[in-house]
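Asks: One gets my numbering by counting positions in the sequence shown from 1 and adding 63 to each.
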Amino acid sequence: MSDASRSRYTSVAIALHWAMAVLLIFMILLGWNMDDNEARFQLHKSVGITILFLALSRLGWRFANPPPPLPEGMPKIEKTASHMVHVAFYALMIGVPLAGWFMVSVSPFQVSTVLYGVLSWPHLPFTERLRSEGVYGVAEFFHSKSAWLIFGLLALHVAGAVKHEIGAEDGVLKRMLPGLFGKAEPPALPGRGFVFAFGGSLALFAAIAAVPLIFSGGNGEAKAAPVSSIQSNWDVDYAASEIRFDGVHEGRAFGGTFGTWTADVAFWPEDLARSAVQVVVDTRSIRTGTKLYDDNLRGKEWFNPGEFPEAVVVLSDFAEAAGGYTATARITLKGKAVSVPLAFTLEIAGNEATLSGSAELSRKALDLGQLSDPGAAYVADAVMVTLSGKAARRS
Ligand code: HEM
Ligand code: HEM
């Protein structure tokens with residue numbers, strides 16, 4: 064046949080076919096071996112969304128570059144069967160990742176998806192009302208059983224390809240093999256429809272990925288900071304001060320800081336009864352250095368900064384203790400208040416003060432992550448908060 068494009072698939076179609084075949088089998092094996100391992104879940108979701116992107120691009124490519132017609136001698140029923148297997152494959156390449164995305168969107172355990180550790184991926188829109196065990200179960204049934212559908216179709220597909228390769232019609236497999244395997248002419252590369260197929264999918268996926276960026280500031284009204292009656296006699300050096308937290312996730316230490324906060328400090332070592340401190344923390348400024356943690360901590364069941372952009376900490380009951388001071392820290396977070404003891408040291412040299420303190424908090428008491436992990440199976444209940452900072456005495 065002189066027109067190469069009529070006897071073989073294009074190089075792009077061949078590359079997509081084999082890359083996606085490998086990815087799909089990898090995904091099924093990974094899906095069966097996730098063992099509650101969060102890193103594997105995230106990889107599964109990342110590759111799955113990639114498959115969805117490739118499947119849409121592949122459909123667009125196929126539209127612009129129709130496959131070569133099947134050999135003339137092939138019985139009609141076999142042509143129809145082959146076509147139906149291909150249609151079913153396309154339906155699964157789109158339906159299975161969509162079901163996975165739907166599943167994580169309606170799951171009562173709202174875990175964020177961060178593609179390849181760098182790109183926040185939103186939940187499917189309009190699924191909030193469907194969030195329940197029941198709906199999740201239905202989606203999970205389809206999602207997990209589809210693995211067997213893929214294997215069933217693959218058996219038919221490979222049997223068909225082999226039969227028509229060695230049978231009378233000859234050369235069906237060569238149509239889908241890269242040039243280096245076939246003795247026939249090299250794969251056709253009309254190069255038509257790149258922008259349509261890949262550009263279209265890319266634009267759609269970029270628009271979806273833009274959603275978390277646009278709404279990352281939270282849609283809740285920023286409430287005015289509580290007016291403090293504290294007559295500050297110290298100015299905090301924010302550049303030299305830090306509010307840090309440290310915890311344990313799946314046996315590994317994690318930690319981070321709140322980037323934005325303000326403090327009113329009235330403190331007299333000689334008059335502790337008159338001393339008072341109020342710290343207002345912008346919960347949107349939480350940062351761990353790991354995108355997946357940041358996205359989860361900014362989620363509704365954790366700090367929920369969209370609705371509660373501020374946490375307020377009031378220190379009172381100052382007392383001297385061995386080597387330093389103790390105080391009570393009353394933390395108001397998400398509309399609820401919890402009091403914990405705080406121990407700190409304060410070194411005052413002239414008008415300069417250096418503070419170092421710590422308090423142990425309970426996630427349960429503060430209602431953090433109590434939906435997905437109330438038993439602290441993944442994230443330890445105890446979180447250590449450490450404060451370090453410098454302040455200058457007002458003259
Ligand atoms: C073509 C792409 C995909 C394939 C072939 C696939 C396949 C699988 C398989 C075989 C399992 C194991 C099910 C079982 O335990 O029997 C699984 C589990 C899972 N998949 Fe996928 N998946 C794909 C895409 C996705 C996507 C895009 C997401 C989410 C964005 C996702 C989320 C999940 C979750 C959360 C589970 C665990 C379900 C559970 O045990 O509760 N998957 N997947
Ligand atoms: C899960 C793995 C696989 C999937 C999802 C898959 C899917 C597909 C699809 C959708 C097509 C139609 C292409 C189109 O018209 O755009 C196709 C064609 C083809 N596939 Fe696969 N495939 C897989 C694995 C394999 C394997 C292992 C072989 C090797 C025997 C194979 C051989 C072929 C051949 C020869 C064609 C061309 C058939 C024709 O021209 O009608 N595929 N495949």
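Note that the Cβ used here is the ideal one computed from N, Cα and C, for glycine as well.
Would you say Ala-210 touches ligand 1, meaning its beta carbon is less than 8 angstroms from a heavy atom?
Replies: Within the cutoff, so yes.
Asks: Using the beta-carbon count (16 or more within 10 Å), is Ser-338 buried or exposed?
Replies: Looking at its Cβ environment, which holds 16 or more other Cβ atoms inside 10 Å, Ser-338 is buried.
Asks: Where Gly-386 and Lys-427 are concerned, what is the direct C-alpha to C-alpha distance, given to the nearest angstrom?
Replies: Each residue's alpha carbon lies about 31 angstroms from the other.
Asks: Within the continuous beta strand (DSSP E) that includes Met-156, where are the two ends?
Replies: Unbroken run through Met-156 is the alpha helix (DSSP H), 139-169; no beta strand (DSSP E).
Asks: Tell me the residue span of the alpha helix (DSSP H) that contains Val-81.
Replies: Note on residue identity: the sequence assigns Trp, not Val, to residue 81. Here the alpha helix (DSSP H) through Trp-81 covers 74-95.
Asks: Could you give the residue range of the alpha helix (DSSP H) that holds Lys-427?
Replies: Counting along the chain, Lys-427 falls outside any alpha helix (DSSP H), and DSSP gives it neither H nor E.
Asks: Please report how far the alpha carbon of Leu-265 lies from the alpha carbon of Val-448, in whole angstroms.
Replies: Leu-265 and Val-448: Cα-Cα distance of roughly 42 angstroms.
Asks: Using the Cα positions of Thr-113 and Val-169, report the straight-line distance between them to the nearest angstrom.
Replies: Each residue's Cα considered, the two are about 20 angstroms apart.
Asks: Report the three-state DSSP secondary structure of Tyr-199 (helix, strand or coil).
Replies: Tyr-199: helix per DSSP, three-state reduction.
Asks: Does DSSP put His-460 in a helix, a strand or coil?
Replies: Shown here, the chain extends from 64 to 458; a query on residue 460 therefore has no answer.
Asks: Which stretch, first to last residue, makes up the beta strand (DSSP E) that contains Val-376?
Replies: Residues 373-384.
Asks: Alpha carbon to alpha carbon, what distance is there between Glu-228 and Met-64?
Replies: The pLDDT assigned to Met-64 is 35, lower than 50, so where the model puts this residue is not dependable, and the model offers no usable value.
Asks: Is Asp-444 helix, strand or coil by DSSP?
Replies: Asp-444: coil per DSSP, three-state reduction.
Asks: Ignore the nearest five residues each way along the sequence and tell me which others in Ala-285's own chain have a CB closer than 6 angstroms to its CB.
Replies: With a pLDDT of only 49 at Ala-285, under 50, the local geometry of the prediction cannot be trusted, and no value is derived from it.
Asks: Given Leu-155, which residues of its chain have a CB within under 7 angstroms of its CB, disregarding the five upstream and five downstream residues?
Replies: Result list for Leu-155: Ser-209, Leu-212, Ile-213, in chain order.
Asks: Cα-Cα, which of Ile-349, Leu-378, Pro-188, Tyr-72 is closest to Asp-327?
Replies: Checking every option, the nearest Cα to that of Asp-327 belongs to Leu-378.
Asks: Determine the direct distance from the alpha carbon of Glu-135 to that of Gly-223, and round the result to whole angstroms.
Replies: Spanning the two alpha carbons is a distance of roughly 16 angstroms.
Asks: Could you check if Arg-121 belongs to the surroundings of ligand 2, using beta carbon to heavy atom distance under 8 angstroms?
Replies: True, at least one ligand heavy atom lies under 8 angstroms from that Cβ.
Asks: I'd like to check one pair, Trp-184 with Lys-32: are the Cβ atoms closer than 9 angstroms?
Replies: The chain is shown only over 64 to 458; residue 32 falls outside these bounds and no answer can be derived.
Asks: Taking the alpha-carbon of Ala-302 as reference, which of Thr-323, Phe-308, Ala-316, Arg-315 has the nearest alpha-carbon?
Replies: The shortest C-alpha separation from Ala-302 is found at Thr-323.
Asks: Does Ser-70 come out as helix, strand or coil in the three-state DSSP assignment?
Replies: Correct three-state label for Ser-70: coil.
Asks: Which stretch, first to last residue, makes up the beta strand (DSSP E) that contains Tyr-388?
Replies: Tyr-388 -> beta strand (DSSP E) spans 387-396.
Asks: Which residue's Cα is closest to the Cα of Ala-202: Phe-126, Ser-292, Val-159?
Replies: When only C-alpha atoms are compared, the closest one is Val-159.
Asks: With a cut-off of 7 angstroms, give the chain-ordered residues whose Cβ is closer than this to any heavy atom of ligand 1.
Replies: Having a Cβ closer than 7 angstroms to some heavy atom of ligand 1 are Leu-87, Met-90, Ile-91, Gly-94, Trp-95, Met-97, Phe-104, His-107, Lys-108, Gly-111, Ile-112, Ile-114, Leu-115, Met-156, Val-159, Pro-160, Gly-163, Trp-164, Met-166, Val-167, Thr-176, Glu-203, His-206, Ser-207, Ser-209, Ala-210, Ile-213.
Asks: What number of angstroms, rounded off, separates the C-alpha of Asn-282 from the C-alpha of Lys-363?
Replies: Confidence at Asn-282 is low in this model, with a pLDDT of 44, below 50, so the placement of that residue should be treated as unreliable; the coordinate-derived value is given next. So the two alpha carbons sit approximately 12 angstroms from each other.
Asks: For a test of the three-state rule: what should DSSP assign to Val-221, helix, strand or coil?
Replies: Three-state result, Val-221: helix.
Asks: Could you name each continuous beta strand (DSSP E) segment of 3 residues or more that falls completely within the segment 307-373, going from the start of the chain to the end?
Replies: Counting only runs of 3 or more, we get 315-321, 324-329, 339-345.
Asks: Three Cβ pairs or more, each shorter than 8 angstroms: is that satisfied between the segment 389-409 and the segment 422-438?
Replies: Cβ pair count under 8 angstroms is three or more, so yes.
Asks: Can you tell me where the beta strand (DSSP E) with Leu-106 in it begins and where it stops?
Replies: Not the beta strand (DSSP E): Leu-106 falls in the alpha helix (DSSP H), residues 101-127.
Asks: Starting from Ile-271 and walking both ways along the alpha helix (DSSP H), at which residues does that stretch end?
Replies: 263-278 is the span of the alpha helix (DSSP H), which, as asked, contains Ile-271.
Asks: Starting from Val-235 and walking both ways along the beta strand (DSSP E), at which residues does that stretch end?
Replies: First-last for Val-235: undefined, no H or E at that position.
Asks: Residue range of the beta strand (DSSP E) that Thr-408 falls in?
Replies: Counting along the chain, the beta strand (DSSP E) containing Thr-408 begins and ends at 399-412.
Asks: Should Arg-361 go down as buried or exposed, given a rule of 16 or more other Cβ atoms within 10 Å for buried?
Replies: When all chains shown are included, Arg-361 counts as buried.
Asks: Could you tell me the alpha carbon to alpha carbon distance between Ala-416 and His-206, rounded to whole angstroms?
Replies: Looking at the two C-alpha atoms, the distance is approximately 59 angstroms.
Asks: Report the residue from Ala-316, Trp-297, Leu-106, Arg-121 whose alpha carbon sits nearest the alpha carbon of Phe-257.
Replies: Closest option to Phe-257, Cα to Cα, is Arg-121.
Asks: Distance check for Trp-124 and Phe-261, CA to CA, integer angstroms please.
Replies: For Phe-261 and Trp-124, the distance between alpha carbons rounds to 8 angstroms.
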